[in-house]
Structures are given as C-alpha cells and as structure tokens.
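Chemist: Its first residue numbered 913, the sequence shown is counted upward by one per residue in this note's numbering.
Where a beta carbon is used, it is the ideal one built from N, C-alpha and C, also for glycine.
Every value quoted in this text rests on a predicted model; they were computed, and no experiment measured them.
Could you have a look at this structure, given as structure tokens, before my questions?
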Amino acid sequence: MGDLTVSDFAEGQEYAVPVSGGTVTLSLDRVQVLEQAMRAGGGFRLEFCGPADPVLPQATYSFAGQGETKDIFIVPIGRDAGATRYEAIFI
C-alpha cells in the first residue's frame, strides 16, 4: 500500500473486490489530494461507491482493475437504500 500515489487512481474507475461468495464492484467516485501529508508520494483520499448490500466491514481488500490488483484498506462511511459508500485515506 505504501507505493500507491494519487496518480494511480482516477474518478470513474471500477474495481472488482472479492468477498466470500463472490465479487463486489466498487466505483471510484472521488479522488482528493490531502495537503501537508507526511507520506512519501503525498497524501490523498479515495471515496468508493458500491451496492447497498453486502456492506463490507472495514478491512483491507484486493481491488482488481485497470490490469492490476491493489490492496486497499477501506471503511464504510455511509449507506442508503441504493448504495454503500467507502473511504480510503493515505496520509
């Protein structure tokens, strides 16, 4: 995870995330640069949108998309009848 930079991501990208019993597709809705991060490569925040169910608990998941797989720690931050939103922060 330490090698990822904001340039590895673009809004609109979709990722297949394996979960028990199948795969969940998460769409990257927002990429935000975080100023003054102490992390090599700079800090940034990602916001993903997925189906309302299942809700993925906070954990590290393998995100497959754009020809590669990235391990990303996500946290659910909101849910409504149509979707669940997740956040990943790199600082």
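What do you reckon, are the CB atoms on residue 959 and residue 923 nearer than 7 Å?
Modeler: Taking the sequence shown and counting its residues from 1, one reaches residue 959 at position 47. Taking the sequence shown and counting its residues from 1, one reaches residue 923 at position 11. Result no, Cβ atoms of residue 959 and residue 923 do not sit closer than 7 Å.
Chemist: List the DSSP bridge partners of residue 989.
Modeler: For the purposes of this step, residue 989 is taken as residue 77 along the sequence shown, with counting starting at 1. Answer is none; residue 989 lacks a bridge partner.
Chemist: Below 7 Å CB to CB, which residues in the same chain sit around residue 965 once its five sequence neighbours on both sides are set aside?
Modeler: Counting from one through the sequence shown, the residue named residue 965 turns up at place 53. Excluding five sequence positions before and after residue 965, none of the CB atoms of its chain fall closer than 7 Å to its own CB.
Chemist: Taking the straight line between their C-alpha atoms, what separation do you get for residue 950 and residue 975?
Modeler: Here the question's residue 950 lines up with position 38 in the sequence shown. Here the question's residue 975 lines up with position 63 in the sequence shown. Rounded to the nearest angstrom, the two C-alpha atoms are 24 Å apart.
Chemist: Which stretch, first to last residue, makes up the beta strand (DSSP E) that contains residue 935?
Modeler: Locating residue 935 in the sequence shown gives position 23, where the first residue counts as 1. It spans 934 to 946 - the beta strand (DSSP E) in which residue 935 sits, taken as one unbroken run.
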